[in-house]
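Before any comments, here is the structure.
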Amino acid sequence: MPLLARTVLAPLAVEVAAGALGRLPELLYDTRISSGGRVSVALGPGLGTEIATRLSLPDATVHTIKPGTLASARDLASRLRDDRVDALVGIGGGRLIDTAKYAATELGLPMVAVATSLAHDGLASPVASLEREGASISYGVHTPLAVLADLDYIARAPAAQLRSGVGDALTNLSATADWQLSHEVNGEAIDGLALAIARTGAEAVLRHPGSIADEDFLATLANALVQGGLAMGMAGSSRPCSGGCHEIAHALQALHPGSVTHGEQGAFGALVCTWLRGDRRLFGDLAAAMARHGLPRTAEELGLGVPELVRAVDYAPRTRPGRYTILEHRELDSVAIERHLTEMMHELD
1 MPLLARTVLA
11 PLAVEVAAGA
21 LGRLPELLYD
31 TRISSGGRVS
41 VALGPGLGTE
51 IATRLSLPDA
61 TVHTIKPGTL
71 ASARDLASRL
81 RDDRVDALVG
91 IGGGRLIDTA
101 KYAATELGLP
111 MVAVATSLAH
121 DGLASPVASL
131 EREGASISYG
141 VHTPLAVLAD
151 LDYIARAPAA
161 QLRSGVGDAL
171 TNLSATADWQ
181 LSHEVNGEAI
191 DGLALAIART
201 GAEAVLRHPG
211 SIADEDFLAT
221 LANALVQGGL
231 AMGMAGSSRP
241 CSGGCHEIAH
251 ALQALHPGSV
261 THGEQGAFGA
271 LVCTWLRGDR
281 RLFGDLAAAM
291 ARHGLPRTAE
301 ELGLGVPELV
311 RAVDYAPRTR
321 PGRYTILEHR
331 ELDSVAIERH
341 LTEMMHELD
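Per our numbering, the sequence shown starts with residue 1, numbered consecutively.
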């Protein structure tokens, strides 16, 4: 009897632990990514100087970059062309890792992601979000060959970045519901394994009683963000992690840039979509988790007025044409959106 299976692109190794950065040379050797430690290392201007002094890679070539833009990613790729190395190691937050993923992909170079912060689910994803001409654009890239998340550094990250990561993880609960809705209404293909992995990580964050000050919670969050990235790789798209929640986040960013982090915007979007979906049990659990971690849930907490939120929710479907979510399904006009938002925020009082 034939055995049927599929190949899933995933990192060769994932480690979430305190002191993970110190085990980087061992990981490079054990995975055969670079037996001799001949790698290029991309660091940011913040912790980069400190990290550079702690690297036990005497044969490494270190590049300090200002990450986050397409121009910086292309500049890094240009610099790497002169390096005779086995792989690129990106050490830093989400912007640094996305920049390194793009540069490595452009050169066909293996890449290792070492996270020192947890702002979004890009640790193990096949997507890099980079700024181009003032707009954030998502680019398809190779999944990192290995992922390390150093909890010592992550615990030192700014609270806003960690709250963003919490929000990004929680959005998967709404995104997967939107994916299922599109499957039921439009027959869109759905990947049950990708959906299950995305939801499992998000549920773990939702139910964990700890805070961003607790190492155990940070480990749970890191694992959830890695699972989100793996789910996107399995699905071949951002579907398991991006639905109406991220449409609202992109609308808020476009109309009111700099209000709160993208992950916090996405969590607010997930709260709105869950309310519109009529799932009051999940709405209550999601609202409680957001309150526990200090994520904004109302117009006042977002620093906006209700009319501004109405405009953002009304505009949201235009940020991802062709993606079917609860927002497209309900087709609410501005009057109905205002009524729902007012009722939702009254429920949160």
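For each residue, glycine too, the CB sits at the ideal point set by N, CA and C.
- Secondary structure at S238: coil, using DSSP grouped into helix, strand and coil.
- Of the residues Q265, R38, S34, G37, the one whose Cα lies closest to the Cα of L170 is Q265.
- Pairing A194 with P240 gives a Cβ-Cβ distance under 8 Å.
- Assignment of beta strand (DSSP E) within the stretch 52 to 108, counting only whole runs of 3 or more residues, yields 61 to 64, 87 to 92 in chain order.
- Scanning its chain for C-beta atoms nearer than 7 Å, with the 5 sequence neighbours on each side dropped, one finds around G294 the residues R163, in chain order.
- Counting along the chain, L348 sits inside the alpha helix (DSSP H) bounded by residues 334 to 348.
- Check the Cα spacing between V310 and each of Q180, L24, E343: the tightest is with E343.
- For R323, the secondary structure class from DSSP, reduced to helix, strand or coil, is coil.
- Secondary structure of R292 (DSSP, three-state): helix.
- Contact between the stretch 179 to 191 and the stretch 81 to 95 is absent: fewer than 3 CB-CB pairs across the two stretches fall below 8 Å.
- The beta-carbon separation of D150 and G44, rounded to 14 Å, does not stay under the 8 Å limit for a contact.
- Within the stretch 110 to 171, the runs of beta strand (DSSP E) at least 3 residues long that lie entirely inside it are, in chain order, 111 to 115, 127 to 132, 135 to 140, 146 to 150.
- E328 and A291 have their C-alpha atoms roughly 28 Å apart.
- 8 Å or more divides the Cβ of G108 from the Cβ of I97.
- Judged by DSSP in its simplified three-state form, S174 adopts helix.
- Here A219 carries a helix assignment [DSSP, helix/strand/coil].
- By the beta-carbon neighbour count (other beta carbons within 10 angstroms, threshold 16), A135 is exposed.
- Secondary structure note for E15: its beta strand (DSSP E) is the uninterrupted segment 13 to 17.
- As DSSP reads the structure, L43 sits in a beta bridge with T64, I91.
- Look at E188 here: in three-state DSSP terms it is coil, with no helix or strand label.
- Taking C-beta atoms under 8 Å as the contact rule, G167 and G122 fail to qualify, at a distance of about 14 Å.
- Shown here for Y324: same chain residues with a beta carbon closer than 6 Å to its own, the five before and five after excluded, namely S182, N186 in chain order.
- For V205, the secondary structure class from DSSP, reduced to helix, strand or coil, is helix.
- Residue nearest to A289 within the set P209, A316, L12 is P209 (criterion: CA-CA distance).
- Shortest Cα-Cα distance from A13 to any of L55, P67, A124, G46 involves A124.
- Rounded to the nearest angstrom, the gap between the Cα atoms of S72 and Y29 is 29 Å.
- Here E50 is exposed, its C-beta having fewer than 16 other C-beta atoms within 10 Å.
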